[in-house]
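Here is the structure we will look at.
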Amino acid sequence: MKKHYYLLALIACLLFSCQTYKNIPYYQDLDRSAPTQEQITNHTPTIIQSEDIIGINVSSRTPEQSAIFNYSSKDNQANVSGYLVDAKGEVQLPLVGPLKVAGLTTTQVQEKMNQLLTTYFKDPVSNVRILNFKVSIYGDVLKPDVYSIKDERISITQALTLAGDLNITAKRNILLIREEAGKRNFIPIDLTSKKLFSSPYYYLRNNDQIYVQPDKIKLTTVDRSRTTSLVLSALSVVAIVFSVLYK
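Okay, so the sequence shown: first residue is 780 according to my numbering, each after it adds one.
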């Protein structure tokens, strides 16, 4: 009798595993039999938007004068100071006054700054970066959180790695939520296909959100597996008791 219980429990576990494994691996259509290569054509520089906070550092041959532009930044993003891009897409700068930066990349703002500052400093060199670049990752992941990104180039896969990856019970079709031009866009992303890498949404932008939905079937499977484990443990205890009482 005991052997029959073990056999039935084992068959149940194998059936549940087969039903869900095919939905778990990433990039299922990728040929793994040989190395492959493709061009990266979908990365575009981050565009500055209203409500971004940008840091500006200016150096020149007269550093005591150009220092008035420079921001201070700590490793903790909550303590960052910089220049807030207002609703008009402008920042208010010393000497220069209002400067339109929304719609430009940080490199373009640097070039613009260098041209303007030649009036005030000798050989100015500016460095511009977004200080409050962050992405939110939540749902069925190991470590849901809002993550501050020091580098302005981050992909979906890198972001999910920060969050400890998807749980085994998570759907591999995730949702990217992006706000731009006064609109909120909801974009489904399929992690089981290699097409992810050529998607225009593979690289994230400031304030992007990633939602990972739990898979009902996988959750049920996990619950059944746990129940099966408990049943096996109970059967083992019963078998030991019977063997002691009736040997």
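Where is the CB? At the ideal position from N, CA and C, for every residue including glycine.
Since this is a predicted model, take the numbers as computed values, not measurements.
Going by beta carbon distance, what residues of the same chain come within less than 8 Å of residue 849, once the five residues before and after it are set aside?
835, 836 and 837
Nonlocal neighbours in the same chain, by C-beta distance under 6 Å from residue 957, ignoring five residues either side
964 and 987
What does residue 757 pair with, by DSSP beta-bridge criteria?
Residue 757 lies beyond the residue range present for the chain, which begins at 780 and ends at 1026; the question has no answer from this structure.
From what residue to what residue does the beta strand (DSSP E) around residue 954 run?
952-959
Residue burial classification, residue 874 (beta-carbon count within 10 angstroms, cutoff 16)
exposed
Secondary structure of residue 866, DSSP reduced to three states
coil
Can you list, in chain order, the residues of its chain whose CB lies under 8 Å from that of residue 884, leaving out five sequence neighbours each side?
824, 825, 826 and 827
Through-space distance from residue 809 to residue 815, alpha-carbon basis
9 Å
Give the straight-line distance between the Cα atoms of residue 733 and residue 982, rounded to the nearest whole angstrom.
Residue 733 cannot be examined here, being either before or after the span of the chain that is shown, 780 to 1026.
Quick check: the Cα distance between residue 990 and residue 904, rounded to an integer number of angstroms?
40 Å
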